[in-house]
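Each residue of the sequence shown is one higher than the last, beginning at 66 in the working numbering.
Just below is one structure, and these are the notes that go with it.
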Amino acid sequence: MIRILGSALAGLAGLAFGSFLNVCLTRWPAGESVVKPRSHCRNCDRTLTWWENVPLLSWVALRGRCRTCGAVISRRYAAVEFSVGVLWTTIFWQFASRYTGIEIVSFSPQGLAEALLTVSAQMWLVWLLVGLAALDAEHLWLPDAVTLTGIALGVAVTMARHQPLVAMGQVTPSLLLLSLNLAFALLIAAGIILAIRWTYWLIRRREGIGLGDAKLMAMLAAWLGLPGALLAFVIAVLAGAIVGAAVLLFPKRSNAETPALIKLPLGTFLCIGGIVSLFWGSQILSAYLRWAGFNEVSRLW
Numbered sequence: 066m067i068r069i070l071g072s073a074l075a076g077l078a079g080l081a082f083g084s085f086l087n088v089c090l091t092r093w094p095a096g097e098s099v100v101k102p103r104s105h106c107r108n109c110d111r112t113l114t115w116w117e118n119v120p121l122l123s124w125v126a127l128r129g130r131c132r133t134c135g136a137v138i139s140r141r142y143a144a145v146e147f148s149v150g151v152l153w154t155t156i157f158w159q160f161a162s163r164y165t166g167i168e169i170v171s172f173s174p175q176g177l178a179e180a181l182l183t184v185s186a187q188m189w190l191v192w193l194l195v196g197l198a199a200l201d202a203e204h205l206w207l208p209d210a211v212t213l214t215g216i217a218l219g220v221a222v223t224m225a226r227h228q229p230l231v232a233m234g235q236v237t238p239s240l241l242l243l244s245l246n247l248a249f250a251l252l253i254a255a256g257i258i259l260a261i262r263w264t265y266w267l268i269r270r271r272e273g274i275g276l277g278d279a280k281l282m283a284m285l286a287a288w289l290g291l292p293g294a295l296l297a298f299v300i301a302v303l304a305g306a307i308v309g310a311a312v313l314l315f316p317k318r319s320n321a322e323t324p325a326l327i328k329l330p331l332g333t334f335l336c337i338g339g340i341v342s343l344f345w346g347s348q349i350l351s352a353y354l355r356w357a358g359f360n361e362v363s364r365l366w
């Protein structure tokens with residue numbers, strides 16, 4: 066019962082935070098405040114009523130259009146709210162599935178604080194990743210205000226937990242070793258993107274990957290550890306390759322731009338890879354290391 070009730074509340078909170086995230090995604094690129102004015106139609110400027118602001122349900126009820134002027138309301142609004150709601154529900158469900166009701170009640174104060182920190186960190190990370198994925202998909206933009214803040218938050222969470230969210234093994238390193246590992250992870254993760262960017266420039270003499278992608282990789286390393294970030298990168302490359310192949314094989318006739326020159330949002334794919342790594346990274350990495358013949362992975366992260 067606790068699992069069902071808690072998951073439902075987490076999902077509702079996710080819908081609400083997803084709705085606020087939509088406000089940020091709409092107004093940040095336009096340089097507008099996310100506080101004022103109240104929510105309004107971007108086409109006719111009419112202030113929305115309360116029932117038009119209910120996350121997800123309002124978009125469905127209005128059939129994706131303004132009831133006054135009939136302007137199309139982007140599917141991104143529904144997608145973002147749905148994604149955050151489902152992900153937050155899944156995070157709490159997975160957490161509650163590890164413990165019975167008695168075990169949750171009998172948590173020591175320290176154990177309860179650590180559990181709440183982990184769940185909260187996972188929720189904040191997916192909230193950031195969903196927002197960055199939408200921004201990069203729509204505007205090819207990964208703002209420093211989000212990625213750099215995300216790096217700082219990730220470092221703080223990892224230091225507080227003494228391990229990243231995608232942990233390999235149970236060894237708790239000393240504070241000095243943890244700091245060195247974290248610095249190494251950030252440099253390697255960002256360095257991979259920078260090396261690809263530099264190589265592409267040498268070959269094509271034009272920019273192929275933005276610096277925002279390097280900062281996003283560093284952010285993933287801060288939250289997930291180096292193996293988790295590398296797994297996210299592999300997933301992103303595979304997903305990007307599939308989408309890129311589809312664009313080349315099935316170009317839209319209405320698109321005048323040469324398919325080979327279309328820019329794909331690497332940041333969006335990295336965010337998707339980061340979410341997959343967050344939920345299943347430990348299992349995927351452990352299975353791969355066993356298949357590769359590595360039995361001792363407790364110190365690898």
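By construction, the Cβ of each residue, glycine as well, lies at the ideal position given by its N, Cα and C atoms.
Check your understanding: Given a threshold of 16 other Cβ atoms within 10 Å of its Cβ, counted over all protein chains shown, does GLY290 qualify as buried or as exposed?
Key -> buried
Check your understanding: DSSP on THR154, reduced to helix/strand/coil?
Key -> helix
Exercise for review: List the endpoints of the continuous alpha helix (DSSP H) containing GLY96.
Suggested key: Premise fails: GLY96 is in no alpha helix (DSSP H) and is neither H nor E.
Point to revise | Under the three-state DSSP convention, the category THR133 falls into | key: coil
Exercise for review: Alpha carbon to alpha carbon, how far is LEU205 from GLY309? Give it in angstroms, no decimals.
Suggested key: Near 16 Å, if we compare the C-alpha coordinates of LEU205 and GLY309.
Review point. Is the beta carbon of ALA184 less than 8 Å from the beta carbon of GLY196?
Key: One point to set straight first is that residue 184 is Val, not Ala, in the sequence displayed. With contacts defined by Cβ atoms closer than 8 Å, VAL184 and GLY196 do not form a contacting pair.
Review point. Between ILE167 and GLN187, what straight-line distance do the alpha-carbon atoms span, to the nearest angstrom?
Key: Residue confidence for ILE167 is low, a pLDDT of 46 falling below 50, so the modelled location carries little weight; the figure read from the coordinates is stated next. Roughly 24 Å between the two C-alpha positions.
Check your understanding: In three-state terms, what does DSSP make of THR112?
Key -> strand
Check your understanding: Can you round the beta-carbon distance between LEU313 and ALA297 to whole angstroms, since I take them to be within the 8 Å contact cut?
Key -> That pair is no contact at about 24 Å.
**Study point:** Cβ-based neighbour list, GLY383, same chain, cut-off 7 Å, excluding 5 preceding and 5 following
**Key:** Since the first residue shown for the chain is 66 and the last is 366, residue 383 is missing from the structure and cannot be characterised.
Review point. For GLU117, is the classification buried or exposed, using 16 other Cβ atoms within 10 angstroms of its Cβ as the cut-off for buried?
Key: buried
Check your understanding: Is ILE138 near ALA75, with beta carbons less than 8 Å apart?
Key -> Going by C-beta atoms, ILE138 is not nearer than 8 Å to ALA75.
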